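A.B. asks: The opening position of the sequence shown corresponds to residue -13 in the working numbering, with each subsequent residue numbered one higher. Positions of the beta carbon are idealized from the N, C-alpha and C atoms, including for glycine. These numbers come from a predicted model, not from an experiment.
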Amino acid sequence: MKKDSIKRTVLVALALCVVCSILVSTAVVVLRPQQDENRRIEQLKNILIAAGLYTQDSEVIGRYDETIRRIMIKLSSGQKAEDEVVAAGLSPERYDIKEAAQKTSSSESINAVDDLAGIKRRPKWVNVYLIVDAGQVRGVVLPVFGKGLWSTMYGFIALDIDLKTVSGFSFYEHGETPGLGGEVDNPRWKSLWPGKLLYDESNDYRLKVIKGKVDASKPEQKLYMVDGLSGATLTTRGVDNLLRYWLGEKGYAPFFARLRQGEFNEQ
Ligand SMILES: Cc1cc2nc3c(=O)[nH]c(=O)nc-3n(C[C@H](O)[C@H](O)[C@H](O)COP(=O)(O)O)c2cc1C
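1. Taking the continuous alpha helix (DSSP H) assigned at Asn24, which residues delimit it?
2. Once the 5 residues before and after Lys(-12) are set aside, which same chain residues still bring their CB inside 8 Å of it?
3. Measure how close the beta-carbons of Leu128 and Tyr238 come, nearest whole angstrom, since I'm counting them as under 8 Å.
4. Taking Ala218 as the reference, give the member of Gly48, Leu145, Ile196 with the closest Cα.
5. As a quick exercise: from Thr138, Ser77, Leu61, pick the residue whose alpha carbon is nearest that of Gly104.
6. Which residues, in chain order, sit with a beta-carbon under 5 Å away from any heavy atom of ligand 1?
7. If I follow the unbroken beta strand (DSSP E) through Ala87, where does it start and stop?
8. Taking the straight line between their C-alpha atoms, what separation do you get for Lys133 and Val(-2)?
9. Using the C-alpha atoms, what's the distance from Asn32 back to Val170?
10. Quick check on Gly125: does DSSP put it in helix, strand or coil?
11. What's the C-alpha gap between Gly167 and Leu228?
12. Which of helix, strand or coil does DSSP assign to Glu103?
13. Does DSSP classify Arg49 as helix, strand or coil?
14. Could you check if Gln29 is buried or exposed, using at least 16 other CB atoms within 10 Å of its CB as the buried criterion?
15. Are Thr53 and Val118 touching if we call contact CB-CB under 9 Å?
16. Relative to the C-alpha of Phe241, which residue among Glu206, Asp101, Val114 is closest?
In structure tokens, the structure reads:
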């Protein structure tokens, strides 16, 4: 075959394509476990960040193992649901709420009137994380998600064990505009959350992200309210609504009731 013939050129190009596709598919298969593990570690890091326990990347696994106890619960009842999730063919350790919410078998629809978070469906089960210190449960980290302006925002909120005081709040995934709604992951804004109260003395839900700035001279604002993001009223409203949903009666209330009764105290 002539060196510069069309046939030879086509054959060489084809051979190159085959070799390259084999290389790429092998890389995908070989690297998948590593990618899954990296995703898992990233999630542990997000939990530690919300809990205010993150120090540095190299310490994530050790710190998580020392301070966090994972519990898989059924949202509708607040009960432990590890076995149920395994029976459904899912791995509690690698459970992904985003994937679970998309599949009919692992999700449930939300009545439009209740759907403050604008998510239509939610996973049947979620992992919640107890913050444990010297054998005592000191707080809890809960996954929350809901619609912003452009995207569904995924985060974790950490509460003290009184289940009334925010100890941290952090989004790890969203598609809001950088500099506007994207400021939900600005550390300065995140630092406004610890210490805010969810409920007043009558147990009415009071936490609110307001338009504009909190007037700290007004006790009511200082206790329950957080500055809105300027130029991003719609994202801000989304944050306010998703918290109202998840922290309310239709969200984590059944789990809170069981946690208060000491159902998760044993190691
Ligand atoms: C390109 C572009 C991107 C925007 N991104 C966001 C956003 O991520 N979140 C948001 O709430 N508003 C965003 N807005 C602004 C909204 O359209 C709306 O004007 C704003 O939420 C009103 O907030 P304000 O009352 O604080 O000005 C964006 C506007 C433009 C033109």
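C.D. replies: So, to answer that:
1. Here the alpha helix (DSSP H) through Asn24 covers -8 to 37.
2. Excluding the 5 residues flanking it on each side, Lys(-12) has same chain C-beta neighbours closer than 8 Å at Arg(-6), in chain order.
3. With a beta-carbon spacing of about 6 Å, Leu128 and Tyr238 fall inside the 8 Å limit used to define contacts.
4. Of the listed residues, the one whose Cα sits closest to Ala218 is Ile196.
5. Per the Cα distances, Thr138.
6. Listed along the chain, these residues meet the criterion: Leu135, Glu162, Thr163, Leu166, Gly167, Gly217, Ala218, Thr219, Leu220, Thr221.
7. It is not in any beta strand (DSSP E) - Ala87 instead sits in the alpha helix (DSSP H) that spans 83 to 88.
8. The alpha-carbon atoms of Lys133 and Val(-2) are separated by roughly 50 Å.
9. Annotation: Val170 to Asn32 spans about 14 Å, alpha carbon to alpha carbon.
10. Secondary structure at Gly125: strand, using DSSP grouped into helix, strand and coil.
11. Going by the C-alpha atoms only, they are around 15 Å apart.
12. Per the sequence shown, residue 103 should be read as Ala rather than Glu. The three-state reading of DSSP puts Ala103 in coil, since its state is none of H, G, I, E or B.
13. Secondary structure at Arg49: helix, using DSSP grouped into helix, strand and coil.
14. By the neighbour-count rule (16 or more Cβ atoms within 10 Å), Gln29 is buried.
15. Contact flag set, yes.
16. The alpha carbon of Phe241 has as its nearest neighbour, out of Glu206, Asp101, Val114, the alpha carbon of Val114.
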